[in-house]
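Chemist:
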Amino acid sequence: RTVGDGLAVGAAWSTGADACATVAGSSTSPAATAAVPPAGGTGIRTAVQHLHSLDLVGQADGAVISAVAVITVDPRQLTAIAPDSTLARALLSGLTAPPATPAGADVPLPVFLSPALRASERTGGFTASVLAAGRPPVRLTLHPVRTLTATDLRDPLLGPVTAQIASGTPMLITTASAEHLLPQQSSGSTVLLLRGRGPTPVTAAALRSAAAKELGPLARIRTRSETLSTLRADGLRRGLGTVYATGSALAALFGLLAVALELILTSHERGRTTSFLRTLGLGGREAGAVHFLQLLPLAVAAAVGGTLLGLLEPRLMTQALDLRQFTGGPAQPALRTDYSLTVALVIGMTVLIIATAATETVLARRRRLGAVLRLS
Numbered sequence: 013r014t015v016g017d018g019l020a021v022g023a024a025w026s027t028g029a030d031a032c033a034t035v036a037g038s039s040t041s042p043a044a045t046a047a048v049p050p051a052g053g054t055g056i057r058t059a060v061q062h063l064h065s066l067d068l069v070g071q072a073d074g075a076v077i078s079a080v081a082v083i084t085v086d087p088r089q090l091t092a093i094a095p096d097s098t099l100a101r102a103l104l105s106g107l108t109a110p111p112a113t114p115a116g117a118d119v120p121l122p123v124f125l126s127p128a129l130r131a132s133e134r135t136g137g138f139t140a141s142v143l144a145a146g147r148p149p150v151r152l153t154l155h156p157v158r159t160l161t162a163t164d165l166r167d168p169l170l171g172p173v174t175a176q177i178a179s180g181t182p183m184l185i186t187t188a189s190a191e192h193l194l195p196q197q198s199s200g201s202t203v204l205l206l207r208g209r210g211p212t213p214v215t216a217a218a219l220r221s222a223a224a225k226e227l228g229p230l231a232r233i234r235t236r237s238e239t240l241s242t243l244r245a246d247g248l249r250r251g252l253g254t255v256y257a258t259g260s261a262l263a264a265l266f267g268l269l270a271v272a273l274e275l276i277l278t279s280h281e282r283g284r285t286t287s288f289l290r291t292l293g294l295g296g297r298e299a300g301a302v303h304f305l306q307l308l309p310l311a312v313a314a315a316v317g318g319t320l321l322g323l324l325e326p327r328l329m330t331q332a333l334d335l336r337q338f339t340g341g342p343a344q345p346a347l348r349t350d351y352s353l354t355v356a357l358v359i360g361m362t363v364l365i366i367a368t369a370a371t372e373t374v375l376a377r378r379r380r381l382g383a384v385l386r387l388s
């Protein structure tokens, strides 16, 4: 179940929404400039993200920070395709369009910073000089609104665009209204997120058609449903499921076998004790109670110890095993405890103990007095 839920998270992270399309460089499409994400009559909403790389200068110490990943977004588009996203709501409240500024003057921009970028300049903002084709040079003044949290960085809306960014690269997010100020870069990329809205689910073919219409035939298009199917059909993932099922079955079998052997090896001693008590006048019903009480410590130790081991072992193993290799996604999948297997093992152990006590009671009642005296 942990891997199954992780696959769904990984597919959502890979596509950002119901589907995503990526092309190299900056691409201008109707979705990039529309005030409201267009539905186009298909019930599909879109959101465009552009990725650039800029060199920034810290306002506090003048230090140069090279190759900062700059992501431009329209918060209204993100909120339209992901209304429950805390990141989208934060961007909507924190990012505002830059005011109209004369050519050559400073342009203030609100930005959300990654922790790595904030660590390089703990106080103050940043500046950057940019030169877009056909425009005079512009000096951008970047005013930090807040630092992106770990939860923000794991939001699926950032999955496709951050996949284009090398690990450890400082990053910031600003408004798409500044897109016309930034230079076109072949090293950049454009990401289009698509989500179906309507009473009926949008098919993968419709999503692909809408993405190709927006970004052209060269776009790399992925849908969440197809990505999830691919992840589930992956041989490595299926092998992991087989290993888990086999290991769980063997662990349960060996656990019950160990208890059964313990019961068999100690049955003679329990029978001897009961026979001795019967020579002292113990009745048949009381003998059954004695059998059960003799097995009670073993049952409690096996049930409690086995349950604790079953609950703690996966949590200890996750410290050494990175499940992202199997599921994808920005972080370890949330651990899901298989309570049904634990309950089944406890029930099986209880049934085994009760059956043993009942069997020994029946056998004790059938012993003749001579056998009882010899055994005791």
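To convert, note that position 186 of the sequence shown is 198 in our numbering; the numbers rise steadily by one, no gaps. By construction, the Cβ of each residue, glycine as well, lies at the ideal position given by its N, Cα and C atoms.
#1: Excluding five sequence neighbours on each side, which residues of the same chain lie with their C-beta closer than 8 Å to the C-beta of A47?
#2: Across which residues does DSSP place I56 in a beta bridge pair?
#3: On a CA-only basis, which of G180, A23, E274 and G208 is nearest I365? Give me that one, please.
#4: So, are the CB atoms of L240 and G28 less than 7 Å apart?
#5: Is the distance from the Cβ of L154 to the Cβ of G137 below 7 Å?
#6: Taking its Cβ as the centre, do 16 or more other Cβ atoms sit within 10 Å of A222, making it buried, or is it exposed?
#7: Please state if the CB of L19 and the CB of L243 are separated by a distance shorter than 7 Å.
#8: Tell me I276's beta-bridge partners as DSSP assigns them.
#9: Tell me whether L184 is buried or exposed, calling it buried when 16 or more other Cβ atoms sit within 10 Å of its Cβ.
#10: Whose C-alpha, out of L170, Q197 and D73, is nearest the C-alpha of V85?
#11: DSSP three-state label for T354, please.
#12: Examine the Cβ distances between the region 262-269 and the region 354-372 and report whether three or more of them are shorter than 8 Å.
#13: Could you tell me which whole beta strand (DSSP E) segments of length 3 or greater appear in the region 149-233?
#14: If we ignore side chains and look at the alpha-carbon of each, how far apart do S237 and A231 end up?
#15: DSSP beta-bridge partners for T34?
#16: Per DSSP, what are the beta-bridge partners of T139 in this structure?
#17: According to the Cβ coordinates, are L125 and P156 closer than 7 Å?
#18: Taking a contact to mean a Cβ-Cβ separation below 7 Å, would you say P211 touches C32 in this structure?
#19: With DSSP as the reference, please indicate the residues paired to L125 in a beta bridge.
#20: With a threshold of 16 other CB atoms inside 10 Å of the CB of S201, please say whether the residue is buried or exposed.
#21: Between which two residues does the beta strand (DSSP E) carrying S78 extend?
#22: Locate the alpha helix (DSSP H) running through L103, then write down its first and last residues.
#23: Within 10 angstroms of its Cβ, does Q61 collect 16 or more other Cβ (buried), or is it exposed?
#24: With 16 as the cutoff for other CB atoms within 10 Å, does L305 come out buried or exposed?
#25: Which term fits T98, buried or exposed, when burial requires 16 or more other beta carbons within 10 angstroms of its beta carbon?
#26: For R234, which residues from the same chain have a beta carbon less than 7 Å from its beta carbon, with the 5 sequence-adjacent residues on both sides left out?
#27: Since D17 is in the alpha helix (DSSP H), which residue starts that stretch and which ends it?
#28: According to the Cβ coordinates, are L90 and A100 closer than 7 Å?
#29: Using a Cβ-Cβ cutoff of less than 7 Å, which residues in the same chain neighbour G22 once the five nearest sequence positions on both sides are dropped?
#30: Could you tell me the distance, in whole angstroms, from the CA atom of S352 to the CA atom of Y256?
#31: Could you compute how far the alpha carbon of R348 sits from the alpha carbon of A188?
#32: Return the CA-CA distance between V123 and P148, expressed in angstroms with no decimal places.
#33: Could you tell me whether the Cβ atoms of G228 and G55 are closer together than 7 Å?
#34: Buried or exposed for G16, going by 16 or more other Cβ atoms inside 10 Å?
#35: Given this structure, state the Cα-to-Cα distance separating A92 from A59, to the nearest angstrom.
#36: Applying the 10 Å Cβ sphere with the 16-neighbour rule, what's the burial state of A44?
Modeler: The structure says:
#1: Along the sequence shown, read from residue 1 onward, the residue named residue 47 stands at position 35. Confidence is the limiting factor: at A47 the pLDDT is only 41, short of 50, which leaves the residue's position unreliable, though a coordinate-based value still follows. Excluding residues within five positions, the ones whose Cβ falls inside 8 Å are R88.
#2: Sequence index remark: in the sequence shown, residue 56 carries index 44 (1-based). DSSP lists G208 as partners of I56.
#3: As a position in the sequence shown, residue 365 is number 353, starting the count at 1. Closest in alpha carbon position to I365, among G180, A23, E274 and G208, is E274.
#4: Locating residue 240 in the sequence shown gives position 228, counting from the first residue. Locating residue 28 in the sequence shown gives position 16, counting from the first residue. Against a cut-off of 7 Å, the Cβ pair of G28 and L240 comes out as no contact.
#5: Working through the sequence shown from its first residue, we reach residue 154 at position 142. Working through the sequence shown from its first residue, we reach residue 137 at position 125. G137 sits close to L154, with the two beta carbons spaced by under 7 Å.
#6: Position 210 of the sequence shown, counted from the start, is the residue given in the question as residue 222. A222 should be labelled buried.
#7: Translated into positions along the sequence shown, residue 243 becomes position 231. Translated into positions along the sequence shown, residue 19 becomes position 7. For L243 and L19, yes; Cβs fall inside 7 Å.
#8: The residue you call residue 276 lines up with position 264 of the sequence shown. Bridge partners of I276: none, in fact.
#9: In the sequence shown, the residue the question calls residue 184 occupies position 172. Burial is judged here by how many other beta carbons sit within 10 angstroms of a residue's own beta carbon; L184 has at least 16 and is buried.
#10: In the sequence shown, residue 85 corresponds to position 73, counting from 1. Selected option, being the one with the closest Cα: L170.
#11: In the sequence shown, the residue the question calls residue 354 occupies position 342. Helix, per DSSP.
#12: Because the criterion of three Cβ pairs below 8 Å is met, the region 262-269 and the region 354-372 touch.
#13: Qualifying beta strand (DSSP E) stretches, in chain order: 150-159, 183-187 and 201-208.
#14: Along the sequence shown, one-based indexing puts residue 237 at 225. Along the sequence shown, one-based indexing puts residue 231 at 219. Distance between the alpha carbons of S237 and A231: 18 Å.
#15: Counting from one through the sequence shown, the residue named residue 34 turns up at place 22. Bridge partners of T34: V203 and R232.
#16: Sequence index remark: in the sequence shown, residue 139 carries index 127 (1-based). Note: T139 sits in a beta bridge opposite V69 and T153.
#17: The residue you call residue 125 lines up with position 113 of the sequence shown. The residue you call residue 156 lines up with position 144 of the sequence shown. Yes, they are a contact pair.
#18: For this step, residue 211 is matched to residue 199 along the sequence shown. For this step, residue 32 is matched to residue 20 along the sequence shown. Against a cut-off of 7 Å, the Cβ pair of C32 and P211 comes out as no contact.
#19: As a first step, residue 125 must be located in the sequence shown, where it is residue number 113. L125 pairs with T159 and L184.
#20: Against the sequence shown, residue 201 aligns to sequence position 189. Buried, by the Cβ-count rule.
#21: For the purposes of this step, residue 78 is identified with residue 66 of the sequence shown, where counting begins at 1. Here the beta strand (DSSP E) through S78 covers V76 to V85.
#22: Here residue 103 is taken as the residue at index 91 of the sequence shown, counted from 1. Residues T98 to G106.
#23: Position 49 of the sequence shown holds residue 61. Classification of Q61: buried, given that the 10 Å Cβ count is 16 or more.
#24: Sequence index remark: in the sequence shown, residue 305 carries index 293 (1-based). Its Cβ having fewer than 16 others within 10 Å, L305 is exposed.
#25: In the sequence shown, counting from the first residue as 1, residue 98 sits at position 86. Exposed: under 16 other Cβ atoms inside 10 Å.
#26: Here the question's residue 234 lines up with position 222 in the sequence shown. Sequence-distant Cβ neighbours of R234 in its own chain, meaning closer than 7 Å and more than five residues away, are S26, T27, A31 and C32.
#27: Here residue 17 refers to the residue found at position 5 of the sequence shown. That run of the alpha helix (DSSP H) goes T14 to T27.
#28: Stepping through the sequence shown from its first residue, residue 90 is reached at position 78. Stepping through the sequence shown from its first residue, residue 100 is reached at position 88. The answer is yes: Cβ separation under 7 Å.
#29: Numbered from its first residue, the sequence shown carries residue 22 at position 10. Taken in chain order, the residues that qualify are L243, T339, G340 and G341.
#30: Locating residue 352 in the sequence shown gives position 340, where the first residue counts as 1. Locating residue 256 in the sequence shown gives position 244, where the first residue counts as 1. Between S352 and Y256, the C-alpha separation is close to 15 Å.
#31: The residue you call residue 348 lines up with position 336 of the sequence shown. The residue you call residue 188 lines up with position 176 of the sequence shown. When rounded, the distance between both Cα atoms is 39 Å.
#32: Position 111 of the sequence shown, counting from 1, holds the residue named residue 123. Position 136 of the sequence shown, counting from 1, holds the residue named residue 148. In this structure, the straight-line span from the alpha carbon of V123 to that of P148 is close to 23 Å.
#33: The residue labelled residue 228 in the question sits at position 216 within the sequence shown. The residue labelled residue 55 in the question sits at position 43 within the sequence shown. Contact: no.
#34: Numbered from its first residue, the sequence shown carries residue 16 at position 4. With fewer than 16 other CB atoms across the displayed protein chains lying within 10 angstroms of its CB, G16 is exposed.
#35: Locating residue 92 in the sequence shown gives position 80, where the first residue counts as 1. Locating residue 59 in the sequence shown gives position 47, where the first residue counts as 1. Spanning the two alpha carbons is a distance of roughly 8 Å.
#36: For the purposes of this step, residue 44 is identified with residue 32 of the sequence shown, where counting begins at 1. Interpretation of A44 is limited by its pLDDT of 44, a score under 50 that renders its predicted location unreliable; the figure taken from the coordinates is listed afterwards. With 16 or more other Cβ atoms within 10 Å, it is buried.
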